[in-house]
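Colleague: Take a look at the following structure, please.
Structure representation (structure tokens):
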């Protein structure tokens, strides 16, 4: 069996270039069952009526809770450094922004 941890207890993590570039998302849809949480990341473009799921992450309930706590901790740290993140009821850019596709 290959050892993933070194003597200091650290895990070696490999990050491929394609994954390192990331995928932009401005919408997340979360569903759950008794055994898993499913998070779909979507990029909705203004004026475009259809959007595709760009990435899906499936988590155990325990990992979903840890992710929630880690996100909350990071948002708190971000706001301490940069000020409060404003939460808008409506997106700041109207969804019909930009030219319409007419022939």
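Residue numbers (UniProt numbering): 1 to 103.
Every residue gets a Cβ at the ideal spot worked out from N, C-alpha and C, and that includes glycine.
These numbers come from a predicted model, not from an experiment.
Identify the continuous beta strand (DSSP E) that holds residue 39 and give its terminal residues.
Modeller: Along the chain shown, one-based indexing puts residue 39 at 39. Per DSSP, residue 39 belongs to the beta strand (DSSP E) from 37-42.
Colleague: For residue 25 versus residue 42, is the C-beta distance shorter than 8 Å?
Modeller: Working through the chain shown from its first residue, we reach residue 25 at position 25. Working through the chain shown from its first residue, we reach residue 42 at position 42. It is a contact, given that the beta carbons lie within the stated cut-off.
Colleague: Helix, strand or coil for residue 110? Go by DSSP, reduced to three states.
Modeller: Missing from the structure shown is residue 110; the chain here goes from 1 to 103 and no further.
Colleague: Less than 8 Å between the beta carbons of residue 40 and residue 48, yes or no?
Modeller: Walking along the chain shown from the start, residue 40 turns up at place 40. Walking along the chain shown from the start, residue 48 turns up at place 48. No. Outside cutoff.
Colleague: Hey, residue 36 and residue 60: beta-carbon distance below 8 Å or not?
Modeller: Here the question's residue 36 lines up with position 36 in the chain shown. Here the question's residue 60 lines up with position 60 in the chain shown. Yes, the pair counts as a contact, with Cβ atoms nearer than the cut-off.
Colleague: At what residues does the beta strand (DSSP E) containing residue 20 begin and finish?
Modeller: Numbered from its first residue, the chain shown carries residue 20 at position 20. Counting along the chain, residue 20 falls outside any beta strand (DSSP E), though it belongs to the alpha helix (DSSP H) covering 17-20.
Colleague: Can residue 61 be considered in contact with the ligand MG, in the sense that its beta carbon sits closer than 7 Å to one or more heavy atoms?
Modeller: For the ligand MG, the structure offers nothing, since it holds no ligand at all.
Colleague: DSSP state of residue 12, grouped into three classes?
Modeller: Counting from one through the chain shown, the residue named residue 12 turns up at place 12. The answer is coil: DSSP assigns residue 12 none of H, G, I, E or B.
Colleague: At which residues does the beta strand (DSSP E) containing residue 29 begin and terminate?
Modeller: Within the chain shown, numbered from 1, the residue matching residue 29 stands at position 29. Segment 27-32, the beta strand (DSSP E) holding residue 29.
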